[in-house]
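Chains as they are written, first to last, in our numbering: chain A, 1 to 164; chain B, 1001 to 1252. For each residue, glycine too, the CB sits at the ideal point set by N, CA and C. All remarks here apply to the structure that follows.
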Ligand SMILES: [Zn+2]
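See below:
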């Protein structure tokens, strides 16, 4: 390996590891990678689960390990941290646009602004026709991070990435 | 009891409650009346399993016997399990499940919003994560309580019966023993006895919206803090622990 193994390189490599369930986003864009530490050819990566029971966590770790090992690292250690808890507020504008283009309505508003204990829901615009005349079919969708909605204007059903 | 033993005990109580709730909800997989509910209940089950795992990891980290989270889940007997009695109650009909979850979800939202201030970093982290999730659980169960209560004559009857029935196990949510007291006073845990009033207010508000009434009996049953359970937990553990006990070295 001629290329130097440094922290920037690790972030760059991790930014190419897709989320197994929403492949348009990388684990970095999703905000799952919290910290990176590099010493010579050893890397330590701290990740945080989107949901505590997220079944993709094992895949995240395996994919990160194999990506880094493929690119010159000999030892890769994964740490899991719960604090601070993952929030959709960490998702960049670019990530939100990618989600929408993929057909998933991005999280509305900021989680930190909806701290009321027993809160109500915001209207969710349809990712296809922008109509805000939509209804929630189910609070839970194909994965814990999404809920299922239907647009009353174009009648299409769509996933919404919950704001948490 | 040492500080570590106390923290172990405290973490087992919360972790076991989540694991058993997760197990019960998982039993609905492929059996719910509509696909959306099947997905909802199993998603909620996963959240409970995840939270249970986080608590058992913390428990394992202070265990003098050096048991892993899996050992704690799969190698303890009924009398060594400390989940709330409410969690182990059978799924029954859909109203029974919804009533059980609803009464716990209101409590969980209140509990985790207090635990956010825990002096223990890991517990504060679990609370931050947990609060986001249990708020969704609450939305789901509260919505169903209203839908069933304010629904047909039959659904109204069933959810009222279910609330009345599960009510017996709610006193235990607010029970404190010496371990809880010391953990709460040290700023690590929550004084749950202080959550009762807010819980009752929120439960009453939803019940009213659902045209249901608060149960008028004071029957109550507790025991989980010392590992005394209703007849149901043994059956759960027999099924849940069968494989790891029969094949102790099984890997997958
Ligand atoms: Zn539309």
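Item	Value
Contacting residues, own chain, Cβ-Cβ under 7 Å from residue 145 (chain A) (five flanking each side not counted)	50, 51, 161, 162
Cβ of residue 79 (chain A) within 9 Å of any chain B Cβ	no
Interface partners of residue 1151 (chain B) on chain A, CB under 9 Å	Within 9 Å Cβ-Cβ: nothing; residue 1151 (chain B) doesn't reach chain A, min ~18 Å.
Chain-ordered residues of the stretch 1036-1054 of chain B with a beta carbon less than 9 Å from chain A	1036, 1037, 1039, 1040, 1041, 1042, 1043, 1044, 1045, 1046, 1047, 1048, 1049, 1050, 1051, 1052, 1053, 1054
Residue 147 (chain A) beta carbon near ligand 1 (any heavy atom closer than 8 Å)	no
Any non-hydrogen atom of ligand 1 within 8 Å of residue 101 (chain A) CB	no
Residues near residue 1190 (chain B) in its chain [Cβ-Cβ closer than 7 Å; skip 5 each side]	1111, 1114, 1115, 1184
Opposing strand residues paired with residue 18 (chain A) [DSSP bridges]	A:26
Residue-chain proximity (residue 165 (chain A), chain B), Cβ-Cβ < 9 Å	No answer is possible for residue 165 (chain A): the residues shown for chain A start at 1 and end at 164.
heavy atom of ligand 1 below 8 Å from residue 136 (chain A) C-beta	no
Three-pair Cβ contact test at 8 Å for the stretch 39-49 of chain A versus the stretch 68-84 of chain A	yes
Backbone secondary structure at residue 148 (chain A) - three-state DSSP	strand
Start and end residues, alpha helix (DSSP H) containing residue 1104 (chain B)	1094-1115
Residue 154 (chain A) CB to nearest heavy atom of ligand 1 below 8 Å	yes
Contact residues within the stretch 1112-1134 of chain B, judged by C-beta distance below 9 Å to chain A	1113, 1121, 1122, 1124, 1125, 1126, 1127, 1128, 1129, 1130, 1131, 1132, 1133
Ranges of the alpha helix (DSSP H) found wholly within the stretch 42-113 of chain A, counting only runs of at least 4	57-70, 93-102
Residues bridged to residue 36 (chain A) [DSSP beta-bridge criterion]	A:45
Inter-residue CB distance, residue 1048 (chain B) and residue 1022 (chain B) (contact presumed, cutoff 8 Å)	3 Å
Close beta carbons around residue 1192 (chain B), own chain, < 6 Å, minus the five adjacent residues each side	1174
Rounded straight-line distance, which links the Cα of residue 135 (chain A) to that of residue 1171 (chain B)	37 Å
Same chain only: Cβ atoms within 7 Å of residue 1134 (chain B), ignoring 5 sequence neighbours per side	1105, 1108, 1109, 1112
Neighbour flag for residue 1239 (chain B) against chain A, beta carbons, 9 Å	no
Sub-9 Å separation of residue 1237 (chain B) and residue 1078 (chain B) beta-carbons	yes
Cβ-heavy atom distance, residue 1013 (chain B) to ligand 1, below 8 Å	no
For residue 1213 (chain B), the residue or residues it bridges with in DSSP	Residue 1213 (chain B) is not bridged to any residue.
Minimum C-alpha distance to residue 1062 (chain B) - residue among B:1125, B:1031, B:1217, B:1010	B:1010
Chain-ordered neighbours of residue 139 (chain A) on chain B, where CB pairs are closer than 7 Å	1040, 1136, 1139, 1140
Close-in-space but distant-in-sequence residues of the same chain around residue 1210 (chain B) (CB under 6 Å, 5 per side omitted)	1145, 1146, 1149, 1150
Minimum Cβ-Cβ distance from residue 86 (chain A) to chain B less than 9 Å	yes
Segments of 4+ residues assigned as alpha helix (DSSP H) that fall wholly inside the stretch 1022-1099 of chain B	1035-1061, 1069-1074, 1085-1088
Rounded separation between residue 1243 (chain B) and residue 1073 (chain B) - CA only	12 Å
Residue 61 (chain A) at chain B interface by Cβ criterion, 9 Å	no
Residue burial classification, residue 1017 (chain B) (beta-carbon count within 10 angstroms, cutoff 16)	buried
Through-space distance from residue 70 (chain A) to residue 38 (chain A), alpha-carbon basis	16 Å
Members of the stretch 46-61 of chain A that neighbour chain B once the beta carbon cut-off is set at 8 Å	49, 51, 52, 53, 54, 55
Pairwise C-alpha distance: residue 1180 (chain B) and residue 1225 (chain B)	10 Å
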